[in-house]
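So the structure is just underneath, and the comments pick up after that.
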Amino acid sequence: MGYNGILLKDSISVGKIYSIHYFEYMSNFSFEGESHDFWEFICVDKGEVNIVAGTHAEKLKKGDIAFHEPNEFHNVKATGKIAPNLVVISFECNSYAMHFFRKKILKVDDAERNLLAHIIMEARHCFDCRLDDPYLQNMPLKSAEVFGAEQLIRLYLEQFLIHLARRYTCTSKPLIKTIQSSTKATKVKNDAEIYQRVTDYMEAHLHSKLTIEQICRDNLVSRSQLQKIFKQQCKMGIIEYFSYMKIGIAKELIRTQHLNFTQISDSLGYTSIHYFSRQFKKITGMTPSEYASSIKAMSDRRYQDS
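Counting along the sequence shown from 1, when you hit position 101 you're at 83 in the working numbering, and nothing is skipped either side.
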(Lines of atoms letter the chains of each structure in order from A and count residues from 1; the text may use other names and numbers.)
(Lines give C-alpha, C1' and ligand atoms only; values in the text may rest on other atoms or scores of the structure.)
Protein backbone atom coordinates (compact mmCIF):
# COMPACT_ATOMS: atom_id res chain seq x y z
CA MET A 1 0.00 0.00 0.00
CA GLY A 2 1.50 3.32 -1.05
CA TYR A 3 1.76 6.44 1.02
CA ASN A 4 -0.65 9.30 0.38
CA GLY A 5 0.95 12.66 0.89
CA ILE A 6 -0.99 15.53 2.44
CA LEU A 7 -0.90 18.92 0.78
CA LEU A 8 -0.71 21.36 3.68
CA LYS A 9 -3.09 24.31 3.55
CA ASP A 10 -1.93 27.91 4.03
CA SER A 11 -4.04 29.92 6.47
CA ILE A 12 -2.05 33.10 5.82
CA SER A 13 0.26 33.42 2.84
CA VAL A 14 2.44 36.50 2.38
CA GLY A 15 3.37 37.50 -1.17
CA LYS A 16 5.55 40.54 -1.67
CA ILE A 17 7.39 42.49 1.01
CA TYR A 18 7.36 46.25 0.39
CA SER A 19 9.17 47.56 3.46
CA ILE A 20 10.67 46.47 6.76
CA HIS A 21 11.68 49.30 9.05
CA TYR A 22 12.90 49.84 12.58
CA PHE A 23 12.61 53.56 13.23
CA GLU A 24 14.16 55.66 15.98
CA TYR A 25 12.17 58.85 15.56
CA MET A 26 12.73 62.29 17.03
CA SER A 27 10.13 63.35 19.62
CA ASN A 28 8.73 65.87 17.12
CA PHE A 29 8.66 63.61 14.05
CA SER A 30 5.61 63.82 11.81
CA PHE A 31 4.77 61.82 8.69
CA GLU A 32 2.00 63.45 6.67
CA GLY A 33 0.47 60.17 5.61
CA GLU A 34 -0.20 57.97 2.61
CA SER A 35 -2.33 55.13 1.33
CA HIS A 36 -1.29 52.13 -0.80
CA ASP A 37 -2.76 48.89 -2.10
CA PHE A 38 -1.07 46.55 0.40
CA TRP A 39 -1.14 45.85 4.14
CA GLU A 40 0.97 47.66 6.71
CA PHE A 41 1.31 47.46 10.47
CA ILE A 42 3.02 49.71 12.98
CA CYS A 43 4.21 48.34 16.33
CA VAL A 44 5.54 50.54 19.14
CA ASP A 45 8.72 49.10 20.63
CA LYS A 46 9.33 52.10 22.90
CA GLY A 47 7.56 55.37 23.66
CA GLU A 48 4.25 56.40 22.12
CA VAL A 49 2.84 57.88 18.90
CA ASN A 50 -0.39 59.28 17.55
CA ILE A 51 -1.74 57.66 14.40
CA VAL A 52 -4.61 58.21 12.01
CA ALA A 53 -6.17 55.18 10.29
CA GLY A 54 -8.78 56.27 7.78
CA THR A 55 -10.73 58.87 9.75
CA HIS A 56 -9.98 57.41 13.18
CA ALA A 57 -7.25 58.84 15.45
CA GLU A 58 -5.56 56.76 18.13
CA LYS A 59 -2.59 56.90 20.52
CA LEU A 60 -0.32 53.85 20.50
CA LYS A 61 1.88 52.97 23.47
CA LYS A 62 4.64 50.41 24.02
CA GLY A 63 3.55 46.98 22.79
CA ASP A 64 0.60 48.25 20.74
CA ILE A 65 0.28 47.22 17.11
CA ALA A 66 -2.10 48.79 14.59
CA PHE A 67 -2.96 47.35 11.18
CA HIS A 68 -3.73 49.40 8.06
CA GLU A 69 -5.63 47.52 5.37
CA PRO A 70 -4.97 48.16 1.66
CA ASN A 71 -5.96 51.65 0.42
CA GLU A 72 -6.55 52.96 3.94
CA PHE A 73 -5.05 56.41 4.55
CA HIS A 74 -2.72 56.47 7.55
CA ASN A 75 -0.18 58.74 9.17
CA VAL A 76 1.97 58.83 12.29
CA LYS A 77 3.20 61.60 14.57
CA ALA A 78 5.37 61.55 17.67
CA THR A 79 3.65 63.03 20.70
CA GLY A 80 6.34 65.64 21.33
CA LYS A 81 7.19 64.14 24.73
CA ILE A 82 8.89 60.82 24.05
CA ALA A 83 11.17 59.82 21.15
CA PRO A 84 9.54 56.60 19.90
CA ASN A 85 10.99 53.40 18.45
CA LEU A 86 8.73 51.72 15.89
CA VAL A 87 8.60 48.56 13.79
CA VAL A 88 6.78 49.19 10.50
CA ILE A 89 6.28 46.39 7.97
CA SER A 90 4.26 46.51 4.75
CA PHE A 91 3.41 43.46 2.68
CA GLU A 92 1.03 41.86 0.19
CA CYS A 93 -1.40 39.29 1.54
CA ASN A 94 -4.70 38.26 -0.06
CA SER A 95 -5.59 35.54 2.44
CA TYR A 96 -9.14 35.65 3.78
CA ALA A 97 -7.83 35.41 7.36
CA MET A 98 -6.44 38.95 7.05
CA HIS A 99 -10.00 40.23 7.55
CA PHE A 100 -9.39 39.64 11.25
CA PHE A 101 -6.83 42.47 11.32
CA ARG A 102 -9.08 45.14 9.76
CA LYS A 103 -9.41 48.19 12.05
CA LYS A 104 -7.52 46.32 14.78
CA ILE A 105 -5.21 47.64 17.50
CA LEU A 106 -3.73 44.74 19.46
CA LYS A 107 -0.98 44.03 22.01
CA VAL A 108 2.03 41.90 21.08
CA ASP A 109 3.31 39.32 23.56
CA ASP A 110 6.89 38.17 24.13
CA ALA A 111 6.73 35.44 21.47
CA GLU A 112 5.46 37.90 18.87
CA ARG A 113 8.05 40.48 19.85
CA ASN A 114 10.71 37.81 19.35
CA LEU A 115 9.36 37.02 15.86
CA LEU A 116 9.53 40.72 14.95
CA ALA A 117 13.15 40.76 16.12
CA HIS A 118 13.89 37.80 13.82
CA ILE A 119 12.29 39.61 10.87
CA ILE A 120 14.43 42.71 11.50
CA MET A 121 17.57 40.59 11.82
CA GLU A 122 16.90 38.73 8.55
CA ALA A 123 16.09 42.01 6.80
CA ARG A 124 19.56 43.27 7.72
CA HIS A 125 20.99 40.11 6.12
CA CYS A 126 18.84 40.53 3.04
CA PHE A 127 18.55 44.21 2.06
CA ASP A 128 21.30 46.61 1.05
CA CYS A 129 19.89 49.70 2.79
CA ARG A 130 19.28 51.23 6.18
CA LEU A 131 16.14 50.07 7.95
CA ASP A 132 15.66 53.41 9.72
CA ASP A 133 15.11 55.63 6.69
CA PRO A 134 11.44 56.78 6.76
CA TYR A 135 11.57 58.00 3.16
CA LEU A 136 12.88 54.80 1.60
CA GLN A 137 10.30 53.28 -0.77
CA ASN A 138 12.35 50.51 -2.38
CA MET A 139 14.60 48.03 -0.59
CA PRO A 140 17.41 46.76 -2.85
CA LEU A 141 18.58 43.21 -2.24
CA LYS A 142 22.21 42.56 -1.32
CA SER A 143 24.26 40.98 -4.07
CA ALA A 144 25.29 38.18 -1.70
CA GLU A 145 22.53 37.65 0.84
CA VAL A 146 22.69 35.19 3.73
CA PHE A 147 21.28 31.83 2.68
CA GLY A 148 17.53 31.59 3.27
CA ALA A 149 17.08 35.18 4.49
CA GLU A 150 14.24 36.04 2.11
CA GLN A 151 12.32 32.87 2.89
CA LEU A 152 12.78 33.29 6.63
CA ILE A 153 11.37 36.81 6.46
CA ARG A 154 8.20 35.42 4.87
CA LEU A 155 7.98 32.47 7.28
CA TYR A 156 8.56 34.60 10.38
CA LEU A 157 5.99 37.16 9.19
CA GLU A 158 3.39 34.48 8.46
CA GLN A 159 4.07 32.89 11.85
CA PHE A 160 3.74 36.30 13.52
CA LEU A 161 0.36 36.95 11.90
CA ILE A 162 -0.94 33.44 12.64
CA HIS A 163 0.25 33.59 16.25
CA LEU A 164 -1.39 36.97 16.78
CA ALA A 165 -4.70 35.95 15.18
CA ARG A 166 -4.79 32.62 17.01
CA ARG A 167 -4.06 34.22 20.38
CA TYR A 168 -6.94 36.66 20.00
CA THR A 169 -9.48 34.24 18.51
CA CYS A 170 -8.82 30.82 20.07
CA THR A 171 -10.32 30.19 23.50
CA SER A 172 -9.11 26.64 24.11
CA LYS A 173 -5.75 26.25 25.83
CA PRO A 174 -3.28 23.55 24.75
CA LEU A 175 -2.68 20.65 27.11
CA ILE A 176 0.87 21.28 28.26
CA LYS A 177 0.94 19.62 31.67
CA THR A 178 3.22 16.83 30.51
CA ILE A 179 5.64 19.33 29.00
CA GLN A 180 5.68 21.63 32.02
CA SER A 181 6.21 18.72 34.38
CA SER A 182 9.52 17.78 32.78
CA THR A 183 12.71 18.92 34.44
CA LYS A 184 14.06 20.50 31.29
CA ALA A 185 10.94 22.56 30.66
CA THR A 186 10.86 23.72 34.28
CA LYS A 187 14.48 24.88 34.08
CA VAL A 188 13.82 26.76 30.83
CA LYS A 189 10.83 28.46 32.43
CA ASN A 190 12.81 29.40 35.55
CA ASP A 191 15.70 30.76 33.47
CA ALA A 192 13.27 32.84 31.42
CA GLU A 193 11.69 34.23 34.60
CA ILE A 194 15.11 35.14 36.03
CA TYR A 195 16.11 36.78 32.74
CA GLN A 196 12.92 38.83 32.68
CA ARG A 197 13.24 39.79 36.33
CA VAL A 198 16.86 40.90 35.96
CA THR A 199 16.25 42.87 32.74
CA ASP A 200 13.33 44.64 34.45
CA TYR A 201 15.63 45.38 37.40
CA MET A 202 18.34 46.81 35.14
CA GLU A 203 15.80 48.90 33.27
CA ALA A 204 14.73 50.40 36.60
CA HIS A 205 18.40 51.19 37.40
CA LEU A 206 19.52 52.61 34.06
CA HIS A 207 20.48 55.87 35.73
CA SER A 208 22.83 54.10 38.15
CA LYS A 209 26.14 52.31 37.95
CA LEU A 210 25.56 48.61 38.62
CA THR A 211 28.02 45.82 39.31
CA ILE A 212 27.44 42.12 38.75
CA GLU A 213 27.67 41.56 42.51
CA GLN A 214 24.92 44.09 43.19
CA ILE A 215 22.65 42.62 40.49
CA CYS A 216 23.14 39.09 41.84
CA ARG A 217 22.56 40.18 45.45
CA ASP A 218 19.37 42.12 44.70
CA ASN A 219 17.92 39.35 42.53
CA LEU A 220 18.94 36.31 44.60
CA VAL A 221 20.83 34.58 41.83
CA SER A 222 24.40 33.32 41.57
CA ARG A 223 26.93 35.04 39.33
CA SER A 224 27.67 31.89 37.30
CA GLN A 225 23.98 31.15 36.75
CA LEU A 226 23.25 34.73 35.72
CA GLN A 227 26.14 34.89 33.26
CA LYS A 228 25.07 31.56 31.73
CA ILE A 229 21.45 32.71 31.32
CA PHE A 230 22.46 35.94 29.58
CA LYS A 231 24.85 34.12 27.26
CA GLN A 232 22.02 31.78 26.29
CA GLN A 233 19.35 34.45 25.96
CA CYS A 234 21.19 37.31 24.23
CA LYS A 235 24.70 36.04 23.42
CA MET A 236 26.46 38.62 25.61
CA GLY A 237 27.53 39.22 29.20
CA ILE A 238 25.20 40.94 31.63
CA ILE A 239 27.26 44.14 31.99
CA GLU A 240 27.63 44.34 28.20
CA TYR A 241 23.84 43.99 27.93
CA PHE A 242 23.40 46.72 30.55
CA SER A 243 25.67 48.99 28.49
CA TYR A 244 23.53 48.39 25.40
CA MET A 245 20.44 49.31 27.43
CA LYS A 246 22.07 52.54 28.61
CA ILE A 247 23.17 53.55 25.12
CA GLY A 248 19.66 52.80 23.85
CA ILE A 249 18.29 55.33 26.34
CA ALA A 250 21.09 57.76 25.44
CA LYS A 251 20.07 57.60 21.76
CA GLU A 252 16.47 58.27 22.72
CA LEU A 253 17.50 61.27 24.87
CA ILE A 254 19.64 62.68 22.05
CA ARG A 255 16.68 62.45 19.67
CA THR A 256 14.40 64.08 22.24
CA GLN A 257 16.79 67.08 22.32
CA HIS A 258 15.99 68.08 25.90
CA LEU A 259 19.46 67.41 27.35
CA ASN A 260 23.01 68.03 26.13
CA PHE A 261 25.59 65.24 26.00
CA THR A 262 27.06 66.04 29.43
CA GLN A 263 23.62 66.00 31.03
CA ILE A 264 22.79 62.70 29.35
CA SER A 265 26.08 61.22 30.52
CA ASP A 266 25.42 62.35 34.10
CA SER A 267 21.82 61.15 34.07
CA LEU A 268 22.89 57.64 33.05
CA GLY A 269 25.52 57.33 35.76
CA TYR A 270 28.66 57.60 33.63
CA THR A 271 31.76 58.79 35.44
CA SER A 272 32.70 61.23 32.66
CA ILE A 273 31.53 62.53 29.28
CA HIS A 274 34.66 61.00 27.73
CA TYR A 275 33.83 57.50 28.98
CA PHE A 276 30.22 57.95 27.84
CA SER A 277 31.40 58.95 24.36
CA ARG A 278 33.74 55.95 24.14
CA GLN A 279 30.98 53.56 25.14
CA PHE A 280 28.55 55.20 22.73
CA LYS A 281 30.97 54.84 19.79
CA LYS A 282 31.88 51.28 20.76
CA ILE A 283 28.24 50.21 20.60
CA THR A 284 26.86 52.38 17.77
CA GLY A 285 29.95 52.99 15.66
CA MET A 286 29.39 56.75 15.98
CA THR A 287 30.14 59.44 18.52
CA PRO A 288 27.11 61.11 20.16
CA SER A 289 27.67 64.16 17.91
CA GLU A 290 27.83 62.01 14.77
CA TYR A 291 24.65 60.17 15.79
CA ALA A 292 22.79 63.42 16.45
CA SER A 293 23.87 64.84 13.09
CA SER A 294 22.88 61.64 11.27
CA ILE A 295 19.39 61.52 12.80
CA LYS A 296 18.79 65.23 12.26
CA ALA A 297 19.86 65.06 8.62
CA MET A 298 17.52 62.16 8.00
CA SER A 299 14.62 63.85 9.79
CA ASP A 300 15.11 67.03 7.75
CA ARG A 301 14.84 65.27 4.40
CA ARG A 302 11.81 65.95 2.25
CA TYR A 303 9.55 63.16 1.11
CA GLN A 304 10.82 62.80 -2.44
CA ASP A 305 7.89 61.20 -4.25
CA SER A 306 4.88 62.63 -2.41
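Idealized CB from N, CA, C, for every residue including glycine. Everything numeric in this text was worked out from a predicted model, so none of it was measured.
{"Asked": "With distances taken from CA atoms, which of S9, A60 and D27 is nearest V34?", "Found": "A60"}
{"Asked": "Thinking I255 and S247 are a contact (beta carbons under 8 Å), I'd like their distance in whole angstroms, please.", "Found": "5 Å"}
{"Asked": "Between the region 18 to 35 and the region 74 to 82, do three or more beta carbon pairs fall short of 8 Å?", "Found": "yes"}
{"Asked": "Would P66 pass as an interface residue toward chain E - the criterion being a Cβ-Cβ separation below 8 Å?", "Found": "Of the protein chains in the structure, only one exists, and it is not chain E."}
{"Asked": "Considering only residues of the same chain and omitting the five flanking positions on each side of L188, which have a CB-CB separation below 7 Å?", "Found": "M227, K228, I231 and L250"}
{"Asked": "Roughly how far, in whole angstroms, is the beta-carbon of L98 from the beta-carbon of V69, given that I think they are within contact range, below 8 Å?", "Found": "5 Å"}
{"Asked": "In terms of alpha-carbon separation, which member of E132, D91, N96 and V90 lies closest to D110?", "Found": "E132"}
{"Asked": "Under the rule that 16 or more other beta-carbon atoms within 10 Å means buried, what is A93, buried or exposed?", "Found": "exposed"}
{"Asked": "Measure the C-alpha to C-alpha separation of I102 and G(-16) and round it to an integer number of angstroms.", "Found": "43 Å"}
{"Asked": "Rounded to the nearest angstrom, how far is the Cβ of Q207 from that of I220, given a contact under 8 Å?", "Found": "Between I220 and Q207 the Cβ distance is about 11 Å, and since that is not below 8 Å, they are no contact."}
{"Asked": "Write down every uninterrupted run of the beta strand (DSSP E) in the region 59 to 140 whose length is 3 residues or greater and which is fully enclosed by it, in chain order.", "Found": "67 to 73 and 87 to 89"}
{"Asked": "Inspect the beta-carbon positions of Y183 and N172 and report whether they are closer than 8 Å.", "Found": "no"}
{"Asked": "So the beta strand (DSSP E) H32 belongs to, where does it begin and stop?", "Found": "The sequence given here places Asn at residue 32; His does not occur at that position. Taken as a continuous stretch (DSSP letters only), the beta strand (DSSP E) holding N32 covers E30 to A35."}
{"Asked": "With a CB to CB cut of under 8 Å and the five nearest residues on each side skipped, what residues in its chain are close to Y177?", "Found": "I211, F212 and Q215"}
{"Asked": "According to the neighbour-count rule (16 or more other Cβ atoms, all chains shown, within 10 Å of its Cβ), is C25 buried or exposed?", "Found": "buried"}
{"Asked": "Determine the DSSP secondary structure at L241, reduced to helix, strand or coil.", "Found": "coil"}
{"Asked": "Could you give the residue range of the alpha helix (DSSP H) that holds Y257?", "Found": "I255 to T266"}
{"Asked": "Report the rounded CA-to-CA distance for E195 versus R205, giving the unit in angstroms.", "Found": "7 Å"}
{"Asked": "Ignore the nearest five residues each way along the sequence and tell me which others in N67's own chain have a CB closer than 8 Å to its CB.", "Found": "Y4, F5, E6, Y7, V26, D27, K28, G29 and E234"}
{"Asked": "Need the endpoints of the alpha helix (DSSP H) that S206 sits in, please.", "Found": "R205 to C216"}
{"Asked": "For my contact list, I135 and V90 are in at a C-beta cut-off of 8 Å; report their separation, rounded to the angstrom.", "Found": "In fact, because the Cβ distance is near 18 Å, the residues do not count as touching under 8 Å."}
{"Asked": "Roughly how many angstroms separate the alpha carbons of Y0 and R179, rounded to a whole number?", "Found": "37 Å"}
{"Asked": "Which value, in whole angstroms, describes the spacing of the CA atoms of T244 and L137?", "Found": "45 Å"}
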